[in-house]
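Trainee: Once you've had a glance at the structure underneath, I'll fire off some questions.
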Amino acid sequence: MRIILLGPPGAGKGTQAISLAEEFNLPHISTGDLLRQNVKKSTQLGLRAQDFMNKGLLVPDELVTDMLAQRFKDPDIKNGFILDGFPRNIHQAKTLDNILKEANTGIDAVIYLDTSEKVIIQRLSGRLVCKNCGQNFHKTNMPPKADNLCDKCGGQLYQRQDDKEATIMARLEVYRKEVSTLIEYYEEKQKLYRILADEEAGIVLNRMLQLLKERRDSLKV
Ligand code: ADP
Ligand code: ZN
């Protein structure tokens, strides 16, 4: 099963992707996480990407698509993947199609997490992320059991650089500019499924599982 999660920053893509990946025993591939790992290690890519990320802008396509193509060479993706944060524009969508075509495969479904602006801002401004495993928490909506420690792995939680109000607005603007073209692209291919995503994570996850169950045969779940 090859699934893309699409939606604004704060839609819960990361949280839901981790849950789906566990449920179906598939790798969770997040371009945001991969980029942050590169920044942390100060790789060439990380050094080039850092500024764009801190400003809430997209990292240039070529850097991100090369990074993803590299990740797709790992053997763990042979049964599928949950892709989160990619594609972000039509050029990336077409590059992804080409990468998958070369491997004689394609995307099964694109799940669009439909989220209101009010919820997005509330979620992002209170978000805490585990330094170690990337799990998301929220200061009030999903607080960790122990202060500033990850429930799953005990890692330290931190607030992302780009979760400050001014940067949140920039990210939303970038998102809005590109999303309608992407939605049309996948609608035309009849791959797009909309899920209402303002509610808490458990409810949204159940909606996705329900959808995937109903479509089990066509989605090769
Ligand atoms: P969010 O979806 O909440 O903005 P991500 O972790 O997916 O968070 O992305 C964080 C930042 O990483 C983005 O603002 C952007 O700078 C960069 N990034 C992630 N994925 C891509 C991508 N596919 N193309 C370009 N830049 C990306
Ligand atoms: Zn953790």
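All the letters of the sequence shown, read from the start, carry residue numbers 0 to 220 under numbering that gives the first Met the number 0. Virtual Cβ for every residue (Gly too), placed ideally from N, Cα, C.
#1: In the DSSP assignment, the beta strand (DSSP E) including Asn135 goes from what residue to what residue?
#2: With a cut-off of 8 Å on the beta carbons, I'd call Gly256 and Tyr111 a contact; round off their distance for me.
#3: Listed in chain order, which residues are found with a beta carbon closer than 5 Å to a heavy atom of ligand 2?
#4: Can you give the Cα-Cα distance for Lys54 and Asp216, rounded to whole angstroms?
#5: CB of Phe85 to nearest heavy atom of ligand 1: below 6 Å?
#6: Determine the burial state of Ser29: buried for a count of at least 16 other Cβ atoms within 10 Å of its Cβ, exposed for fewer.
#7: Could you pull the start and end residues of the beta strand (DSSP E) that Tyr73 belongs to?
#8: Flag this pair as yes or no: are the beta carbons of Phe71 and Pro26 separated by less than 7 Å?
#9: Answer yes or no: do Cys132 and Gly154 have a C-beta to C-beta separation smaller than 7 Å?
#10: How is the beta strand (DSSP E) around Arg1 delimited, first residue to last?
#11: For a cutoff of 7 Å on Cβ pairs, would you count Tyr192 as touching chain D?
#12: Helix, strand or coil: how does DSSP classify Leu181 here?
#13: Taking C-beta to C-beta, are Lys12 and Asp107 nearer than 7 Å?
#14: So does Thr42 have its beta carbon nearer than 6 Å to some heavy atom of ligand 1?
Mentor: On the basis of the coordinates in this document:
#1: 135 to 137
#2: The structure shown does not extend to residue 256, since the chain is modelled only from 0 to 220, so the question has no answer here.
#3: Cys129, Asn131, Cys132, Gln134, Cys149, Lys151, Cys152, Gly154
#4: 42 Å
#5: yes
#6: buried
#7: What sits at residue 73 in the sequence shown is Asp, not Tyr. Where Asp73 is concerned, there is no enclosing beta strand (DSSP E), given that its DSSP letter is neither H nor E.
#8: no
#9: yes
#10: 1 to 5
#11: Among the chains in the structure shown there is no chain D, since it carries only a single protein chain.
#12: helix
#13: no
#14: no
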